[in-house]
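Heads up: the structure comes next, in structure tokens.
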Amino acid sequence: MPITASDYQYMNKAIELSRRCKSEFGKTSPKVGAVIVKNGTILAESFRGNADPGDHAEFIALEKIASNEIVAGATVYTTLEPCTSRSHNKIPCAERLAMRRVSRVVIGMIDPNPSIRGKGIRSLQSNGIEVDLFPPDLVAAIEDINREFTRHIENELLHNRVDFEFVQQYSARDIDEWYKAINYIYADKNFYRDPLSIFSHLVEVIGGLSQIASGKSKSGDNPEKYLPKAIGWWFALCGKLGVNSVSELLWLKFPGICPYCQKREHDPEICKGIKEEMAAPKWEDLKTKGETGVRPGRLGDWQKMFRRIYKPGSSPEFQAAFARLAEELGELAESIRIFPVAPGYFLSEAADVFAWLMNIQNNIDLRDGKREEQYGLSLEGNFCRAYPDICLECKKQRCICPPILKSTIGRMGHELPLERGLFDLSKIFLAPHMAKTVFRPPT
């Protein structure tokens, strides 16, 4: 049907309504306005969320404003293609429009979400509803109003397209390419953090990973998701301390062999005797071995190398692995503290922490019954999903998240409600100027 002057009037009305939309807390929602017109009379006008947060504009117009009106034969002007899927127990807007027997729907912007794009129009047409589109000049205005929503969908697609093809492309990255990519995403975020602050976050993430050993789960949390995050924060720590190449760091201590017994497959009896005789590996020998060995490239290849050196037993040994990892984290903390005067300790201890993270992943693959050639694939896939070249919190290629995320606060165990006045804080905390009088030699 040709667009008339009256159509322009109602379309502009819908656009003005869409400008009043506000996204629900923590979401980037589309700005949608809707107007229902019958025989030249406006029966309802609405915008997304003007009744309850998250309510769609068409739903509000049909079921809350015009619920008692006969809208059969009416024309609906909506700035966004009506949805064809909703969460459980919610009826999609395209279906509601068909149920109310409207005769025509004029749509502004096609939904950028590929799971809806075009389906709303087809659903309406299949129900005998005439569909027209806003003219190009008004479509351009709507797209400008919804530019943040479109950008959000595009970033979501970047994350959600982590299919087999995506993983094949990204998992082939050299470990140093991942290292540089992670430090690019979080460069601004970590600029003002000191190394110990980043280390603290690494410990916090490994705490979530440790649920694998403890069997404890917070609200159905999947502890395995913390392993790629732990590697990511290990990358960030190395970046903060100016490491040029993490593959070089790892190869210094693990050039395809155990640094103590110097065997391709670690011999615990020989290692035990060597460690009792000397406190450190023979670095000169390791350097020579590294010059002739073949260094792993991609992340999964490093995991396979550590599996060959420290082959898991017949059954997963998570508790022993986390006990050793906790020991190595303590030594890594000390190496960070003394880094300004003895940076070599960090190189050694950081390599050990990475080795034990690989050991945990190898135990996960053992638990899951992976064949030898499948080791490393899960880690690479999960790492691609955790870091698809954007921050998954803010959806930006350069992270702009606040210093403390709500999700971080939500992971804390038990926060004391200090702000409610249940406790006398003067008995718990002391003002800085009181330290000299409180902290004094015993009498």
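Residue 1011, in my numbering, is where the sequence shown stops; the numbers in between run on with no holes. C-beta atoms are modelled at their ideal positions from N, C-alpha and C, and glycine is treated no differently.
- Ranked by Cα distance from C969, the first of W851, A923, Y754 is Y754.
- In the DSSP assignment, K808 falls outside any beta strand (DSSP E) and lies within the alpha helix (DSSP H) extending over 794-808.
- Comparing C-alpha distances from Q887 to each of G868, N931, Y913 shows the shortest one belongs to N931.
- Residue state for S614 is assigned as strand, using DSSP reduced to three classes.
- Cα atoms of Q965 and K595: separation of roughly 18 Å, rounded to the nearest angstrom.
- Taking 3 residues as the minimum length, the beta strand (DSSP E) runs contained wholly in the region 652-712 are 672-677, 698-701, in order along the chain.
- For V603, the secondary structure class from DSSP, reduced to helix, strand or coil, is strand.
- By the criterion of a C-beta distance shorter than 6 Å, R668 is surrounded in its chain by L630, V639, once the five residues flanking it on both sides are discounted.
- For Y645, the pairing in a beta bridge is given by DSSP as V603, V674.
- The beta carbon of F702 sits closer than 6 Å to the beta carbons of M579, G676 from its chain, once the five residues preceding and following it are set aside; these are given in chain order.
- The beta carbons of V773 and A749 sit no closer together than 8 Å.
- For I996, the number of other beta carbons within 10 angstroms of its own is below 16, and it is reported as exposed.
- Between the alpha carbons of F907 and D620 lies a distance of about 55 Å.
- Annotation for A781: the continuous alpha helix (DSSP H) segment containing it runs 779-782.
- Between G617 and K590, the alpha-carbon positions lie close to 7 Å from each other.
- For K632, the closest C-alpha among the options A642, A612, S768, G865 is that of A612.
- In the structure shown, the three-state DSSP call for T596 is coil.
- Using a Cβ-Cβ distance cut-off of 8 Å, the region 951-958 and the region 737-748 are in contact, since at least three pairs of beta carbons, one from each stretch, lie closer than that value.
- Rounded to whole angstroms, the Cβ separation of I721 and P680 is 5 Å, and the two are in contact under 8 Å.
- Ranked by how close their Cα comes to the Cα of F767, the residues R685, L809, P791, R863 have L809 in first place.
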